[in-house]
Each structure stands twice: as C-alpha cells, then as structure tokens.
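A short worksheet on the structure shown next.
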Amino acid sequence: MNKNKNMAREQHEEENALVIWNISNCPIPDGHDPLQVVPRIQTALEKLRRDRPYGPLSITAISDNLTEIPGEDAMRKLSSTGISLKHANRVHTDLYQWSRRNPPPATIMVITGHEELEHLASTFSGLEVKGYRILPTYPQPNPAPPSLPPKLCFWETLLSDADNKLETTSRLVFSYRLDRGTGESPWSCSVCHFDAPSFEDFTKHLKSETHAYFVWDRVASKNKVDRTNPDNLQLGRSEEWDLLAKAGMMRRAEVLKLRGAFAPPRSRPVDANSFKEPFKSGE
C-alpha cells in the first residue's frame with residue numbers, strides 16, 4: 001500500500017514537458033546527427049528544470065515542406081527516436097491543445113525563428129501567468145524579441161551541447177494528434193486532417209496529388225481566388241489532380257447556390273497564369 005502511495009506521489013510531482021520544433025525555421029545544421037536531437041533537447045531541459053522531475057516529454061517537429069526540410073532520410077531518423085512529425089506551418093494551435101490536456105506546472109519549449117516567436121509573445125505571456133514555464137529557442141544570429149521570457153536558448157548551442165553525462169528523468173512519448181484531439185499517430189498532416197498508420201504511409205501521403213491539391217487549395221483560399229471559375233484552376237497537371245480540382249469546383253459552386261443571398265461576395269478576378277506560376281508540376 002505504501003509503495004503504491006509513493007508511486008502515485010511521484011507521478012503527481014512529475015512535470016510534463018512539450019517541445020514544438022518548427023524545423024523549417026530551425027533546420028538541423030550541417031554536420032549534426034538527427035539521432036542526437038532528442039538527447040540534446042533532454043539535456044537542455046534537465047539543466048533548466050525545477051525541483052520536480054520531468055515525466056512524459058512530447059516532441060513534435062513541424063514543417064510545411066518535410067520532404068525537403070529535413071528530407072526523407074532525416075525524417076526517418078527523427079521518427080525512430082520518438083519525435084512526432086506533422087505537416088503544418090504554425091505552432092499556436094498545438095500549444096493551445098496541449099495546454100488544455102496538461103495543466104501547470106509544465107514546461108513548454110518552442111524552437112522556431114525570430115518572427116514566429118514574436119507573434120507568439122502574447123500566447124507565452126498568458127501561459128506563464130497560468131504557471132507554465134516557457135523556453136523559447138531560436139537561431140543565434142537573430143536578436144531576441146524584448147517581449148519574450150528572459151530564459152532563452154540558442155538552437156545551435158543546444159545541439160552542440162555534448163554533456164551526455166547528465167542524468168535525464170524525462171520519458172519520451174509520442175504526442176497526441178493535436179489538430180483534432182483524437183488518435184495517437186506520430187505522423188499527421190494538418191492540411192488534409194490525415195493520420196498515417198506508418199512512416200512509409202506518411203511520406204507517401206506527402207508526395208501524393210491529394211496532399212498537393214489541398215495545399216494548393218489552402219493557398220488559393222488565402223489569396224481569395226475564385227475556385228468556382230475553371231480559368232483559375234490548375235488543370236492538366238494529372239488525371240487525379242483534375243478530378244480533385246473539378247470536384248472541389250462543383251462542391252463550392254453548389255454551396256454558393258444554396259447560400260443564395262447570404263453567399264459571401266465573389267472574389268476579385270485573378271490572373272490564372274500569374275497565380276499558377278508558384279505551383280508547377282512536382283512542387
């Protein structure tokens with residue numbers, strides 16, 4: 001009985017930790033082994049931890065171009081060490097979802113570029129007020145935004161720390177899928193709301209026409225392109241692409257028809273050639 005009480009007390013005293021790493025903004029420097037990223041992060045956290053030992057640690061690497069940054073070989077190595085991989089380009093939603101499931105005290109490390117950290121400053125401030133410890137990490141050449149917490153890490157310094165003699169207490173776990181809050185797949189795509197059952201399925205999805213179309217569709221929506229107009233569609237790329245584009249066009253046209261007078265104003269005409277230029281076949 002006493003043993004069970006002690007175990008329960010230890011679990012209660014443990015502190016969960018989350019690391020969200022925007023690998024597009026902070027890529028692995030040349031010459032660094034992807035297999036060493038996890039122990040370097042664990043060492044950095046242990047050096048800054050409070051009296052309470054770390055319990056479960058979740059590390060998610062995000063990028064909107066994982067097949068190029070860091071590339072498939074590095075992705076495979078990172079995944080083998082317990083890092084979750086997610087096609088996404090912003091970390092705000094993940095911070096919110098994780099904090100809802102993990103009340104303070106807890107530690108959150110965000111590894112990203114100077115500009116994104118600046119955008120997250122107010123979010124960090126709100127989390128700190130609630131009792132979270134925030135550890136922003138960014139590339140060394142960039143100046144630290146004055147609105148960020150005083151404790152900062154340089155990405156290059158973190159990766160170069162070779163002090164592996166430090167005993168770590170954190171236990172690396174795959175994070176819950178954060179965009180919907182269901183499932184525990186370590187490979188997910190926030191654009192397509194897709195959970196992959198394996199690393200191979202994940203990389204196959206990232207190279208698929210379906211994924212490419214939904215990425216294009218999101219950018220087109222952001223640029224207020226009228227996607228009910230065939231002249232604005234990127235047709236002719238492949239048979240699968242054309243089927244997806246035409247189905248999307250018909251679906252949106254039907255939605256606008258059903259909305260009637262309550263439909264939003266039509267987007268301004270867009271020159272199809274100038275819009276399609278960044279979306280060449282194979283990109």
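FYI, the numbering for the sequence shown is 1 to 283, going by the UniProt record's numbering.
Beta carbons are placed, not taken as given, at the ideal position from N, Cα and C, and that holds for glycine.
The model shown is predicted, which means the values in this text are computed figures rather than measured ones.
Our two residues, residue 219 and residue 109, have alpha carbons roughly 29 Å apart in a direct line. Here residue 110 carries a strand assignment [DSSP, helix/strand/coil].
Bounds of the alpha helix (DSSP H) holding residue 44 are 37 to 48. In this structure, residue 192 sits away from residue 111, with a CB-CB distance that is not shorter than 7 Å.
Residue range 72 to 80 is occupied by the alpha helix (DSSP H) that includes residue 77.
Looking at the backbone, the Cα of residue 21 and that of residue 212 are separated by about 23 Å. For residue 211, the uninterrupted alpha helix (DSSP H) segment begins and ends at 209 to 222. Burial state of residue 15 is buried, judged by a 10 Å Cβ sphere holding 16 or more other Cβ atoms. Distance from the CA atom of residue 38 to the CA atom of residue 194, rounded to whole angstroms, is 25 Å.
Of the candidates 258, 248, 188 and 23, the residue whose Cα lies closest to the Cα of residue 74 is 23. The way I'd put it, the region 53 to 60 does touch the region 79 to 90; three or more beta-carbon pairs between them come closer than 8 Å.
Beta-bridge annotation (DSSP): residue 87 is paired with 63 and 189.
Judged by beta-carbon spacing, residue 107 lies within the 7 Å limit of residue 133, meaning their Cβ atoms are closer than that value. Exclusion of the five residues before and after residue 98 leaves 18 as the residues of its chain whose Cβ lies within less than 6 Å of its Cβ.
For residue 17, the uninterrupted beta strand (DSSP E) segment begins and ends at 15 to 22.
Judged by their CB atoms, residue 156 and residue 140 are nearer to each other than the 7 Å cut-off.
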